[in-house]
Amino acid sequence: MFDFFFNLNPVIQGLIKGLAVILVIFPLAGACSLAERKVSAWMQGRPGPNRAIVPWFAYVPFLGRFLQRLGVFHLMADGAKFLFKEEPVPGHVNKLYFVLAPALAMMPAFTTVTVVPFGAYFDGAGHAIPLVLANVDVGLLAVFAVSSLGVYSLILAGWASNSKYPFLGSVRASAQLISYELSMTLSVVPVFLWINAPGTPGTMSLAKVVEFQSLPGFWGGTWFIFLMPLSAAIFLISLFAETNRQPFDMPESESDLVGGFHTEYGAFKWSLFFVAEYSHMLVGSGVFTLLFLGGWNPLPWLPLADFVAWLHSLGGAAFVVHPLFVGVLSIALFLGKVLVVIFFFMWVRWTVPRFRYDQVMKLGWQKLLPLAIANLIFYALAIAWVQTR
Amino acid sequence: MAIIPLERKPLSLAERTYLPAILSGLKTTFARLLRPIETMEYPEQRPAIPPGYRGVPTLVKDPNGREKCVSCQLCEFVCPPKAIRITPGEIPADAPTAQVEKAPQAFEIDMLRCIYCGLCQEVCPEEAIFLQNQYSMSGYTRAEMVNHKDRLYELGGTLPDPHLKWDKKKAAAEHGNTH
Amino acid sequence: MIAPAKPELVTVNIDGKEIAVPKGMNVIEAARQVGVDVPHYCYHPKLTIVGNCRMCLIEMGLPAVDPATKAPVMDPATGKQKINWIPRPQIGCATNASAGLHIRTQTPQVKDCREGVMEFLLINHPLDCPICDQAGECKLQEQSTGYGRGYSRFIEQKNVKPKRTLLGPRVMLDDERCILCSRCIRFSKEIAKDDVLGFIDRGSYSTLTCYPGKKLENNYSLNTVDICPVGALTSTDFRFKMRVWFLKQTNSIDPESSVGANTVAWSREGVIYRLTPRRNDEVNDTWMADSGRVLYKAVTAADRLTAVKVNGADSALDIAVHAAGELFKSAAGAVAIVGSGRSTVEEQFLTKKLATALSASTHLVSRVGQGDKILVSADRNPNVRGALVTGLIPALPTAQLAALGTAIDAGQVKTVVSVGEDLFAAGLNATQLAKVAVIYLGTHANATSGTAKVVLPTLTVFEKSGTFVNQQFRLQKFLKVVPGVSGATDDLVVLSKLVAATGGAAPSDLNPLWKALSAEVPALGTVTFANLPETGLLLDATPWAALSFVEGETLHFKPAAQAAVVTA
């Protein structure tokens, strides 16, 4: 069934994969922005966007009204608006870099998606085959390497805008991203120390991490969030900072920097920054899910394989063990977890006020970095002790 | 004024991580998320106007249909943003309300200037100007935002008048202590 | 003028304050000198005293003397002479100052009296304030705040009287509001010398009315409106036009004749609503003529000149001034200037400068009418004496510009500058004017402005500041009441630009101009515009004593003995 696809020219395969990424991430980012508006509205006792409706859709009983109240048509209206509204380019900007910056923002955001596994199915031997567009062994390293390129678009946007608020925003962005990348990287090292036993060939594959969380037994089935809560916390906090989410909203910081790095942007170019931010969030949440929340495993100590077997034992239907069903099930489980993490992002955003810039720097360098180092040393010693016993 | 220096209490370790505060904040916002919506969906739902509400200032007529304003210009005088502009005029001697003698020829309230303070209503010796229930006032041009006399009477309508002082005056002139 | 006899001063004691006042001065005036206000309605300083409103009741006492020995009776408690207080209150207006007179105005008894009088006055007074034009300057309102009771004990029907009686063409009477003070009756009889008003009926039926077959239509009728303490008499011109509390008061001068009655112009946002007299005991007391009260309408008249014109086409001021300069050059030595007795002293000074710079002959048009022996004199130019003082003209003007006409006929004059004078009306004919180029500075359109080569619109008396010299050689100033109409330029600016066009220089601002005036016009001495008193300054008239002015006798003015009383 999939052979047709795998028999295609690799170039065409790549194109199809890229298109798939765009077709999935764009709507997801849009849905996230709508969810953000709805969640913030509900938290503030408002109904949120609930007016827009496609004229003929209003006649569909119940569903039309329901979708209208949910505000999904606002999403479409916004998208159409961004596409068709006038694209202003201020006279004082450096045009090439100004136009380049939003495109540059999209690239790392989409590229990282390719190395994130989003599901798995079982081959005949019962081995879990991860669903990933590019199953590279450097996995997480690739994510870190590519996603940190995202800051270049911010710097470029700020610089090309030739205006002081965007410039300040981009300077903040670069400093902030460098600061938190350290703690972020250090916080995940214990995870890989744990899965790479001495003497075995080392891997940075994210699928491997999930595999480790699917092992039988108490220690094997434990999600890493329980095993290494401090690592998870540091990673999560750093993730907030890396994706420029509140309360680390320094580059944008509309209360003191007007709009930060995208002050001079409007229309579709601005929406690209917006989508890039949400896809960073999606990828970040995905990585967090894979590393600490057990990936596509439904519950701690309940790996996907056992879950499928249990489902099979319930009704005995043959389709439940079909790789396609398992794949879709795993994707749904994974996506569900990612969305929960994203909800957490929004929840924090509408709860915690923005930090002052010096507080951001202080937290990054003086609190999180020493903590991450101490965490690493502790787990290194602990793992050494466990594995040599 | 004395300055009272207050000692800031030192924060405990837990407080210094801010985590308890952030968690309680998360609890608060999540609790909000589940509560019913507080706001009103405005154009469809309208607020109930409480008594004594100060809406758009209007001119009123008495139950006999007489325009109550006599253009004494006290409201124009008292109006803090100078939103009111009156051109006084005389009621002709053969009019049914000739005993009132004076009525506004033109009466304009610039709603772009009006601050809804209600001083005009307060100062009016004839109880002719009232800030009533109308709270929504909009227009496409500046000129549209100036309420002229006709519009002011249209907005104001008729209010009961416990005094009818000018009717009494007319009655006195007809049956009273004349010579 | 004969100096008044030195009055005999007596010391009176008002509310414990001693003050020396001329003997016989009435108590209200004496109290005013120590800052004590005695409320009153019927009393007016320039009218006879009738004492019928009873508002000015005071307590009065005289030092006690022994009836037999005439020796002062001392009060052992204070060690001073004992005062015999009269037990019943007296009216202040009819009480004259005498030596040792003691007055008390703040005692409970006086207060009770005032409250009682107020209550009686208000019994039949309608509650018309919202529609009453007097509101805001009504004595009854003022005294009500001090002595009114705030509610009425009167439960009977109020009097009903006629509300809209036209006493004359300019005065409307509301009889209900009348408090029967009789000020208007006395004014008509004593000042206007036109005895037309009186009361009929008795008690609460008393009604002010004109005598049968007569009307209040003399030229001073509006003064009755001014002195009416309530809103009974109102001006038909000002009736229901504007509330007085909106109006800004600016000191002005009545320009209709050489009397120079002092006035106040009441304006709001650049619009004049009325003119009223301003008290000046040396000129007009507290009166002015009705004819002077409508002059403000000239400001917004339809025939105002509002466009600079050169050869009949609209132009700009500087272009027009340049054109005038060209006319001056082409007619060097053959320029005549017709100045105006309606110009201010400053403008006449600049006109003189212009004449000197052009070596032009100067002329003035005289306007002579019938003097009414009160406040309108025979000379209807307000400032002929200013032209004499500034040296614009050496002798009195004539009504017809005969000399100028002759000079034009002889070809000696090629260009005529007219400062607001209609040359046709002044006796030049169309043939003569066709021979000359006319430069016209003026406020309103007329035959001359229609034919002039250059028309420079200027300002009326109400739109500029300046000074006039009246028939007494009294220098009086008036201030700008409203901004000038669009398109017109201050006369001083125009004149100084014309002077500049001849190559000279003259200031156009009042302050530097007055420095030049003080330096170049000896009769003005050291006075400046800023320090000129509100009541005016009497100039030394001796250099012009030989001239026979046309004015006859008016209020506070007697013509010099040698002046022939001529009326044209």
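Protein chains in written order, with this note's numbering: chain U, 61 to 449; chain C, 599 to 777; chain P, 62 to 629. Even glycine gets a Cβ: it sits at the ideal position worked out from N, Cα and C. This one's a predicted model, so the numbers in the text were calculated from it and none came from an experiment.
Inter-residue spacing [alpha-carbon to alpha-carbon] between residue i and residue j
i	j	result
C:L672	C:C718	8 Å
P:L188	C:Q730	27 Å
P:A155	P:L484	56 Å
U:W128	U:N110	The amino acid occupying residue 128 of chain U in the given sequence is Gln; Trp does not appear at that position. C-alpha separation (whole angstroms): 6 Å.
C:A646	C:Y640	12 Å
U:L317	U:S339	24 Å
P:G16	P:E407	Only positions 62 to 629 of chain P appear in the structure, and residue 16 of chain P is not among them; the question remains open.
P:Y334	P:D351	14 Å
P:T678	C:P648	Limits of chain P in this structure are 62 at one end and 629 at the other, which puts residue 678 of chain P out of reach.
Boundaries of the beta strand (DSSP E) in which residue i is found, first to last residue
i	result
P:L123	L118 to P124
P:I333	V332 to P338
P:H424	S422 to L425
P:V406	Per DSSP, P:V406 belongs to no beta strand (DSSP E); it is in the alpha helix (DSSP H), V406 to L419.
P:V73	L70 to I75
P:K143	Careful: P:K143 lies outside any beta strand (DSSP E) and carries neither H nor E.
C:R683	I682 to E688
C:V698	Neither: C:V698 is in no beta strand (DSSP E) and is coded neither H nor E.
P:M233	V232 to L234
P:N323	N323 to R329
Supposed close pair residue i, residue j - CB separation, criterion 8 Å
i	j	result
U:L94	U:G131	6 Å
P:A513	P:Y501	4 Å
C:T695	C:R664	5 Å
P:R247	P:L108	5 Å
P:S444	P:G402	It is Asn, not Ser, that sits at residue 444 of chain P in the sequence shown. Their Cβ separation, rounded to whole angstroms, is 5 Å, which keeps P:N444 and P:G402 in contact under 8 Å.
P:V325	P:N312	6 Å
Limits of the alpha helix (DSSP H) - the one that residue i falls within
i	result
P:C193	Unbroken run through P:C193: none, as it is neither H nor E.
P:Q170	P169 to I184
U:Y417	Y417 to K422
P:Q537	Per DSSP, P:Q537 belongs to no alpha helix (DSSP H); it is in the beta strand (DSSP E), R535 to F539.
U:H134	V132 to F144
P:H383	L378 to S391
U:T245	K224 to I255
P:H163	Note, P:H163: premise wrong, no alpha helix (DSSP H); beta strand (DSSP E) at H163 to R165.
U:Y439	L429 to T448
U:P454	Coverage of chain U is limited to positions 61 through 449, which leaves residue 454 of chain U absent and any answer about it impossible.
U:R409	P383 to R409
Own chain residues within Cβ distance below 7 Å of residue i, not counting five before or after
i	result
C:M735	V654 and M709
U:D197	T263, M264 and S265
P:A385	I500, V515, L559 and A562
U:G179	L191, W356, G387, S390, I391 and F394
P:C174	L118 and P150
P:W348	I252, Y281, N284, P338 and L436
Close Cβ partners of residue i (< 6 Å) along its chain, the five nearest in sequence each way excluded
i	result
C:C667	L657, P702 and A726
P:L162	V73
U:W410	S100 and M103
U:S207	P168 and T172
P:N507	D483
Contact set for residue i: own chain, Cβ-Cβ below 8 Å, skip 5 residues either direction
i	result
C:E706	I682, R683, I684, V744, N745, H746 and K747
C:Q732	G653, V654, T656 and L753
U:V343	A169, T172, V173, V176, V203 and S207
U:I443	P250, L253 and W254
With a threshold of 8 Å, are at least 3 pairs of Cβ atoms found where one atom belongs to the stretch 153 to 160 of chain U and the other to the stretch 354 to 361 of chain U? Flag = no, the stretch 153 to 160 of chain U and the stretch 354 to 361 of chain U do not touch.
Is the number of C-beta pairs between the stretch 252 to 272 of chain U and the stretch 213 to 227 of chain U that are closer than 8 Å three or more? Two segments are said to touch when three or more pairs of C-beta atoms, one from each, lie closer than 8 Å; by this definition the stretch 252 to 272 of chain U does not touch the stretch 213 to 227 of chain U.
Pairs of beta-carbons, one from the stretch 245 to 252 of chain U and one from the stretch 362 to 374 of chain U, closer than 8 Å: are there three or more? Result no; under three Cβ-Cβ pairs closer than 8 Å.
For the structure I just gave you, are there three or more beta carbon pairs, one from the stretch 522 to 534 of chain P and one from the stretch 597 to 608 of chain P, closer than 8 Å? Three or more pairs of CB atoms, one per stretch, sit closer than 8 Å, so the stretch 522 to 534 of chain P contacts the stretch 597 to 608 of chain P.
Assess contact between the stretch 247 to 265 of chain P and the stretch 209 to 218 of chain P, defined as three or more Cβ pairs (one per stretch) separated by less than 8 Å. Is contact present? No, the stretch 247 to 265 of chain P does not touch the stretch 209 to 218 of chain P.
Is the stretch 134 to 151 of chain P touching the stretch 270 to 278 of chain P in the sense that three or more CB pairs, one from each, lie closer than 8 Å? Counting C-beta pairs with one atom in each stretch, the stretch 270 to 278 of chain P and the stretch 134 to 151 of chain P have fewer than three that are closer than 8 Å, which means they do not touch.
Could you check whether the stretch 323 to 330 of chain U touches the stretch 234 to 243 of chain U, counting it as contact only if at least three pairs of C-beta atoms, one from each stretch, sit closer than 8 Å? The stretch 323 to 330 of chain U, when compared against the stretch 234 to 243 of chain U, does not touch it at the 8 Å Cβ threshold.
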